[in-house]
Every structure is written in structure tokens, then in C-alpha cells.
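Everything below concerns the one structure shown next.
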Amino acid sequence: MSSQDTTSAGESGIDDTDGGLAATVVPNAIRRNFALKFAIVLMVMALSVGAIGLFATGQIQTYTETQVTDEYRGIAQQEGDIIEQWFERNRLSAQFVSSSGVWASGDTEDLRAELRNREAGLSADVADVHLVERQITGTSIVASTSLSAGTNVSDVRRGWTNGPAFDRAGEVVSSDVYRTQTGPVVGFMSPVDATQNRYIVIEYSLSDITESLQGSERAAGGFTQVVNASNVVMFDEPTGENSGIGEDTLRPYAESDRALQPISAANDLRGGEREAGVVAAMPAGSVLDERYTVGYSPIAGTDWVVLVHAPYSAVFGFVENVQLYGLVGTALMVLLIGGVGAALGYNTATSIDRLTRKTEQMRQGNLDVDISTGRIDNVGRLYAGFGDMRDALKQQIDDAERARKEAEVSRAEAMEMNSYLQEKAEEFSDVMEAAAAGTLTERMETDGENESMDRIAGEFNGMIAELEKTLGQLKSFADEVAESGDVVLTSAESVRDASEQVAESVQMISDDAYDQKERLRDVSEDLDHLVETLEQVEAENPDVDLGSSVGQFRATATSLQEAADTSEDMMAEAENVAGAAEEQAAELNEVSSRAEQLKRYAQPLGDILNRFETEAEHEFVFSGGPSQGLAENDDR
Numbered sequence: 001m002s003s004q005d006t007t008s009a010g011e012s013g014i015d016d017t018d019g020g021l022a023a024t025v026v027p028n029a030i031r032r033n034f035a036l037k038f039a040i041v042l043m044v045m046a047l048s049v050g051a052i053g054l055f056a057t058g059q060i061q062t063y064t065e066t067q068v069t070d071e072y073r074g075i076a077q078q079e080g081d082i083i084e085q086w087f088e089r090n091r092l093s094a095q096f097v098s099s100s101g102v103w104a105s106g107d108t109e110d111l112r113a114e115l116r117n118r119e120a121g122l123s124a125d126v127a128d129v130h131l132v133e134r135q136i137t138g139t140s141i142v143a144s145t146s147l148s149a150g151t152n153v154s155d156v157r158r159g160w161t162n163g164p165a166f167d168r169a170g171e172v173v174s175s176d177v178y179r180t181q182t183g184p185v186v187g188f189m190s191p192v193d194a195t196q197n198r199y200i201v202i203e204y205s206l207s208d209i210t211e212s213l214q215g216s217e218r219a220a221g222g223f224t225q226v227v228n229a230s231n232v233v234m235f236d237e238p239t240g241e242n243s244g245i246g247e248d249t250l251r252p253y254a255e256s257d258r259a260l261q262p263i264s265a266a267n268d269l270r271g272g273e274r275e276a277g278v279v280a281a282m283p284a285g286s287v288l289d290e291r292y293t294v295g296y297s298p299i300a301g302t303d304w305v306v307l308v309h310a311p312y313s314a315v316f317g318f319v320e321n322v323q324l325y326g327l328v329g330t331a332l333m334v335l336l337i338g339g340v341g342a343a344l345g346y347n348t349a350t351s352i353d354r355l356t357r358k359t360e361q362m363r364q365g366n367l368d369v370d371i372s373t374g375r376i377d378n379v380g381r382l383y384a385g386f387g388d389m390r391d392a393l394k395q396q397i398d399d400a401e402r403a404r405k406e407a408e409v410s411r412a413e414a415m416e417m418n419s420y421l422q423e424k425a426e427e428f429s430d431v432m433e434a435a436a437a438g439t440l441t442e443r444m445e446t447d448g449e450n451e452s453m454d455r456i457a458g459e460f461n462g463m464i465a466e467l468e469k470t471l472g473q474l475k476s477f478a479d480e481v482a483e484s485g486d487v488v489l490t491s492a493e494s495v496r497d498a499s500e501q502v503a504e505s506v507q508m509i510s511d512d513a514y515d516q517k518e519r520l521r522d523v524s525e526d527l528d529h530l531v532e533t534l535e536q537v538e539a540e541n542p543d544v545d546l547g548s549s550v551g552q553f554r555a556t557a558t559s560l561q562e563a564a565d566t567s568e569d570m571m572a573e574a575e576n577v578a579g580a581a582e583e584q585a586a587e588l589n590e591v592s593s594r595a596e597q598l599k600r601y602a603q604p605l606g607d608i609l610n611r612f613e614t615e616a617e618h619e620f621v622f623s624g625g626p627s628q629g630l631a632e633n634d635d636r
């Protein structure tokens with residue numbers, strides 16, 4: 001398969017990660033370049049992580065900022081509650097003191113003493129207690145814990161110029177902060193029940209309430225101020241190691257409209273559901289030299305507003321840190337993905353490009369290219385696989401080259417063998433044609449070039465030799481049969497005559513043997529009678545000793561009896577011989593008849609066999625032929 005086919009197969013979506021929709025959307029220039037694909041994927045991952053990180057950081061920042069804002073709003077509300085509680089407590093104290101009927105007395109000393117007693121029963125932040133009376137010329141002191149009677153309040157208390165108007169008894173009003181001999185105070189005025197033109201005025205020092213403010217404790221560099229509708233600072237929280245009253249008390253709060261926006265926002269909250277608010281970022285200016293955060297809360301029953309200040313970095317520093325850490329973390333994550341991915345991608349792409357170049361060299365026929373790497377991952381295994389493939393391909397090529405050379409050698413040998421076999425086949429064909437024509441003296445030559453052909457030649461030569469020998473023997477046999485036919489006829493007649501003579505001679509021998517047997521038996525019987533007579537004589541004459549003679553006669557009688565038996569046996573044998581001679585004569589008559597027939601059949605066989613050419617040394621000689629048998633019979 002060519003590289004173009006491979007590329008086409010890869011682009012067809014078969015076992016390809018770029019198959020399907022990607023194959024139709026992604027350009028081929030990108031699909032063919034692993035490093036570019038990896039870089040794009042890496043970029044997408046980095047952008048995705050970056051986007052997710054930014055989104056998560058924004059969400060965390062928003063949540064944290066909301067939490068901090070709510071917390072700072074709560075601080076402003078708590079500071080406002082402290083001041084409202086302070087105002088409420090002081091109003092109740094003024095209302096309680098003014099409700100006593102003693103204030104209708106005209107005895108100044110008694111009134112002064114009562115005021116002091118009442119002062120002792122109030123909170124420690126009470127600066128002075130006054131009983132005042134409104135007159136046409138103004139408001140003057142009736143009795144006081146610190147001022148002399150008759151003192152015109154309007155000359156000393158600018159906060160009470162023209163005095164407030166009350167709608168009902170027991171009502172309490174408060175003043176702005178004003179200065180006295182003891183320092184800035186807030187006055188609470190309540191009408192005396194007995195007479196409407198007399199009022200109890202209780203002045204409270206600011207030291208306790210300002211020290212209770214906690215703006216500096218809630219954030220580094222923070223402070224709390226209370227500002228009235230004229231933008232004058234009523235309460236100023238002392239900062240640092242200072243105690244008591246802040247330095248900005250009764251000073252203008254700010255001049256720029258931007259700095260006064262929290263006061264306007266606080267006034268807008270009056271009568272609403274919300275009790276406090278926050279401006280997260282105020283620009284540096286007349287309030288602080290840096291960007292700051294201000295929480296605001298209106299004080300009920302007054303036109304005052306509580307403002308809790310703190311540097312923006314102190315309030316939202318954690319938010320900024322969260323944002324910074326989120327951004328830094330996201331950037332580090334993106335850089336980490338980019339760096340590690342780039343290093344990994346570059347390393348992998350370099351290894352793959354190197355492997356691609358080496359495979360290209362292999363494709364061009366260089367199988368000695370070094371395919372090795374120190375990697376042990378999938379790319380390393382890919383290198384090892386290509387190395388094994390290269391070694392296997394090289395081995396296959398070597399085997400194929402060796403097989404090709406062997407095939408060429410085998411082809412040459414086959415062609416040579418084919419020529420040799422054709423030549424030998426022609427030679428063998430000529431020999432077989434000669435044999436088929438009757439020439440059995442031709443032989444197939446063996447040259448040791450081909451074992452099979454030599455074996456065929458050897459077997460054929462052996463077969464022809466055996467055939468030649470057999471034919472020679474048959475020719476000799478036919479001639480011998482023809483010659484022996486006459487001999488057999490002559491010999492049969494001679495043997496028949498001899499057999500007849502033998503039968504007559506044996507008959508004569510048999511007759512002589514019978515006569516001899518009879519004579520021997522008679523002599524034996526006579527010797528037996530003689531032995532019995534001698535034994536009887538010996539028995540009758542004890543003095544006669546015939547022991548050895550009787551024994552010899554008895555032995556001779558026994559020998560004669562045996563000779564008679566032998567003669568009888570010879571006679572039986574002679575009769576058998578005579579019978580055999582007669583039977584042989586009859587058989588010889590049959591032999592003569594068959595010899596005559598054999599002679600008639602042998603002549604055509606000899607004519608046929610004479611057509612074949614054979615060697616003389618292969619002529620057949622009967623080892624036990626008819627001639628030899630007849631000759632042996634003649635010798636006997």
C-alpha cells in the first residue's frame with residue numbers, strides 16, 4: 001500500500017481520531033500535523049481553564065465582596081444602634097428628671113441641690129444639669145450644677161438659641177454638639193410639667209460615646225464619625241492612642257459633593273426598610289488620602305448620619321487577595337498547562353517527528369536506520385514496535401533475497417535438470433524403442449547425475465537383462481525341448497524294453513528265491529529235530545556233555561530260519577520291483593505320447609523367440625533337463 005493510500009485510509013475515518021465530523025471541519029493541514037493539533041488542543045485547554053478560573057474567581061470575588069459589604073453595612077448599623085441607644089437613654093433620663101414637681105420651686109439653692117442630687121444619679125458622662133426658663137429677653141438659667149443663676153443661655157449655648165418649641169409635656173429634644181467649659185456636649189431638653197416655661201437641660205459629654213465607637217477596631221486605619229445635616233462633624237472617634245473626643249469634632253466633614261454622597265444616601269434611607277448602606281469605593285480626597293470605603297446609617301430622631309470609614313485596602317483587601325490569588329492561580333494553572341503541555345507536546349511531537357523521519361527512511365529502503373529511544377511510555381513502545389517491525393521486515397527481505405537466490409539457483413538447476421532429463425529421456429526412449437523392436441542387447445547408461453534416472457536405468461537394465469536372460473533361456477529351452485523330444489522318445493522305448501526285461505528277470509529271481517526259501521526251511525526243521533534229539537540224549541545220558549554242539553546246532557537252525565525269512569522278503573521285494581517295472585513301462589508309453597506333443601509345440605515357440613537378439617552368454621542350460629535325466633537313466 002502506498003503512502004497516498006495510507007493517507008486516504010487514515011482520512012476516511014477508519015481507526016482515526018480525526019474521523020467523523022472532525023474530518024470535515026478540521027483542515028487537513030492541521031490534521032496532518034500532530035504538534036499543531038496538540039498546540040491547538042493545549043490552547044483550547046488553557047483558554048478553557050483560564051475562562052473557568054476567571055469566572056470562578058469573579059464568582060468568588062463577587063460573593064466575598066458581597067459578604068464584606070454586608071458585614072460593613074452591619075458595622076455601620078451597629079454603630080448607629082449604639083448612638084441611637086445613647087440618645088434614647090439620655091432622652092429617658094431627661095424625661096425622668098423633668099417629670100418631678102420640685103422644679104416649680106423658687107428657692108434657687110434648693111433647686112441647685114436637687115440638680116446635683118439628680119446629676120449624681122445619672123450616668124457618668126453627664127457634664128451639667130440646668131433648669132432654665134424661657135423669658136421675653138431670652139432663655140436664662142434658673143439653677144445649674146455649674147452656672148450661676150440668671151446666666152443668659154443664648155449667649156453661651158448657641159445650640160439653644162430661641163429655644164425649641166414643645167408640643168406636649170414630657171417631650172424631649174436634643175441639640176447639636178456645642179462647646180462648654182468642660183468640652184463639647186450634647187444637650188437634652190425636656191419641659192417641666194408644672195410650668196411650660198421651665199425646662200430641664202442635661203448636657204452629656206462626648207467622651208464616652210465616642211470611645212464606644214469601634215470603627216478603628218473593625219479595620220486598620222478605620223474610624224467612625226457622626227455628621228449632621230450641615231455637614232459638621234458631631235462625633236469623631238479618637239484614633240491611635242488618643243482617648244476622649246476626636247480632633248475633627250465640630251469641624252466640617254468634607255467639601256466635595258462626591259464625599260457628601262453617603263450622607264445623602266443615608267438621608268434617603270430614613271423611613272425605609274433598610275437601616276444602613278455602604279459605598280464600597282470612595283476616591284481619595286478630603287476625608288482620606290487614599291481610596292476608602294464608607295458605611296452609613298441614619299440616626300433616628302435626628303438629622304445626623306453615622307459614617308464608618310476605612311481604607312478600601314483594609315476592608316476589601318481580602319477580596320482583592322481572593323481576586324489576586326484567583327487570577328494568579330488561574331494564570332499559574334494556564335502557564336502550568338501551557339508549560340507542561342508544551343514541554344510534553346514538544347517532546348512527544350519531536351519523538352513522533354523523529355520516528356516519522358526514520359519510517360520515511362525505512363520506506364525509502366534504508367533498513368539500517370537506528371530506531372531507539374530512552375522513553376518507556378506509549379511513544380517508547382511505538383519506537384520498539386517500529387524497531388521490531390524493521391527487524392522483522394529486514395529479516396523478511398533477507399529471507400526473500402535468500403529465497404530469490406535459491407529460487408534462481410533452483411531454476412537454473414531445474415532448467416539444467418530439465419535439459420538433462422530431456423536428453424536422458426531421449427536416450428531411454430531410444431533404448432526402449434530398440435527393446436520394443438526386439439533388440440535386448442541395448443542398455444540405459446547411468447552417469448550418477450540423477451539418482452532417480454540412474455535408478456530407472458538400473459531397474460530397466462536389470463529388467464532387460466532378466467528378460468534377455470529369460471528369452472535366451474527360453475530359446476535354449478525350446479531348442480532343448482526340440483532335441484530332447486527325440487531323445488525322450490528313443491529313451492522311453494529303450495527304458496520300456498529294459499523295464500520289460502527287468503520284470504522278467506525279477507520274476508525269475510522271485511521263483512529262485514521261493515525255491516531257496518523252501519529248502520532252507522526244510523534244513524532248519526531238520527536241524528530243530530536234531531537239536532531236540534541231542535537234548536533228549538543228553539537228558540537221558542547225564543554223562544554225555546553235548547552243550548557246545550547243541551548250541552551251535554541251535555544257532556545254525558536260527559540262522560537258516562532267518563535266511564528263509566530273508567528269502568521270503570526278497571521274493572516280496574522282487575514282486576514289487578516287477579510290478580513297478582510294469583507300471584514304469586506303462587508310464588513311459590504316456591511319456592512318449594506327451595514328448596511327441598511337446599515336440600510339436602516347441603517348434604513354433606522357437607520360431608518366435610528367434611526374433612529377439614540376445615547375447616550368447618545368456619543362453620540357458622538346464623541344470624536338471626530332460627537330456628541330463630535321460631543320460632543319467634542310460635548310465636544306470
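Taking the UniProt record's numbering, the leading residue of the sequence shown gets 1, the next gets one more, and so forth.
No residue lacks a Cβ here, since even glycine has one placed at the ideal position from N, Cα and C.
Checklist entry - Going by beta carbon distance, what residues of the same chain come within less than 7 Å of Gln-361, once the five residues before and after it are set aside? => result Val-369
Next on the checklist: Quick check on DSSP: helix, strand or coil for Val-49?
Outcome noted: helix
Checklist entry - In terms of residue numbering, what span does the alpha helix (DSSP H) encompassing residue 683 cover? => result This structure cannot settle anything about residue 683, because the visible part of the chain is limited to 1 through 636.
Checklist entry - Since Phe-235 sits in a beta bridge, which residues does DSSP pair it with? => result Val-226
Item to check | Simplified DSSP assignment, three categories, for Pro-252 | outcome: strand
Item to check | Start-to-end residues for the beta strand (DSSP E) that takes in Ile-263 | outcome: Per DSSP, Ile-263 belongs to no beta strand (DSSP E); it is in the alpha helix (DSSP H), 257-268.
Checklist entry - Expressed to the nearest angstrom, what Euclidean distance is found between the alpha-carbon atoms of Gly-106 and Ser-98? => result 16 Å
Checklist entry - Count the other CB atoms within 10 Å of the CB of Ala-331; is the residue buried (16 or more) or exposed (fewer)? => result exposed
Next on the checklist: Quick check on the DSSP output: the beta strand (DSSP E) that includes Gly-138 runs from which residue to which?
Outcome noted: 138-144
Checklist entry - In terms of alpha-carbon separation, which member of Asp-125, Asn-231 and Glu-459 lies closest to Thr-210? => result Asp-125
Next on the checklist: For the beta strand (DSSP E) containing Glu-203, name the first residue and the last one.
Outcome noted: 198-205
Checklist entry - Roughly how many whole angstroms lie between the Cα atoms of Leu-471 and Ala-414? => result 40 Å
Checklist entry - Which residue comes first and which comes last in the beta strand (DSSP E) that contains Arg-443? => result From DSSP, Arg-443 is part of no beta strand (DSSP E); its letter is neither H nor E.
Next on the checklist: Rounded to the nearest angstrom, what separates Gln-473 and Thr-441 at their Cα positions?
Outcome noted: 15 Å
Checklist entry - If we count Cβ pairs, one from each stretch, closer than 8 Å, do we get three or more for the stretch 75-85 versus the stretch 296-312? => result yes
Item to check | DSSP state of Arg-179 mapped onto helix, strand, coil | outcome: strand
Checklist entry - In this structure, does DSSP put Gln-135 in helix, strand or coil? => result strand
Item to check | Leu-115, DSSP secondary structure in three states | outcome: helix
Item to check | When Met-234, Leu-382, Thr-558 and Asp-497 are compared against Ala-585, the one with the closest alpha-carbon | outcome: Asp-497
Next on the checklist: Here's a check: name, in chain order, each residue in its chain whose Cβ is nearer than 6 Å to the Cβ of Ala-314, leaving out the five neighbours to either side.
Outcome noted: Ala-219, Ala-220 and Gly-221
Next on the checklist: I'd like to confirm the pairing. Which residues does DSSP put opposite Val-279 in its beta bridges?
Outcome noted: Val-294
Checklist entry - Cβ atoms of Gln-95 and Ser-190: under 8 Å apart, would you say? => result yes
Checklist entry - By Cβ distance below 6 Å, which residues in the same chain neighbour Ala-398 in space, the five residues on each side in sequence not counted? => result The amino acid occupying residue 398 in the given sequence is Asp; Ala does not appear at that position. Counting only Cβ-Cβ distances below 6 Å, and skipping sequence neighbours, we find nothing.
Checklist entry - At which residues does the beta strand (DSSP E) containing Ala-310 begin and terminate? => result 305-311
Checklist entry - How many Å lie between Asn-90 and Glu-273 at the Cα? => result 26 Å
Checklist entry - What's the call for Ser-207, buried or exposed, on a 16-neighbour Cβ count within 10 Å? => result buried
Item to check | 8 Å Cβ cutoff, Gln-135 in contact with chain B | outcome: Absent here is chain B; the protein component of the structure consists of one chain.
Item to check | DSSP beta-bridge partners of Asn-152 | outcome: Ser-140
Checklist entry - Do three or more CB pairs link the stretch 556-566 to the stretch 521-529 at distances below 8 Å? => result yes
Checklist entry - Does DSSP put Pro-604 in a helix, a strand or coil? => result helix
Item to check | Identified DSSP bridge partners for Phe-460 | outcome: Paired residue(s): none; Phe-460 is not in a bridge.
Next on the checklist: Just to confirm my understanding: we take Met-234, look at its own chain, exclude 5 residues before and 5 after, and list those with CB closer than 7 Å. What are they?
Outcome noted: Asp-176, Val-177, Val-226, Val-227, Asn-228 and Trp-304
Next on the checklist: For Thr-348 and Val-379, what's the separation of their Cα atoms in angstroms?
Outcome noted: 7 Å
Checklist entry - Which one of Asp-515, Asp-430 and Pro-27 has the shortest CA to CA distance from Ser-567? => result Asp-515
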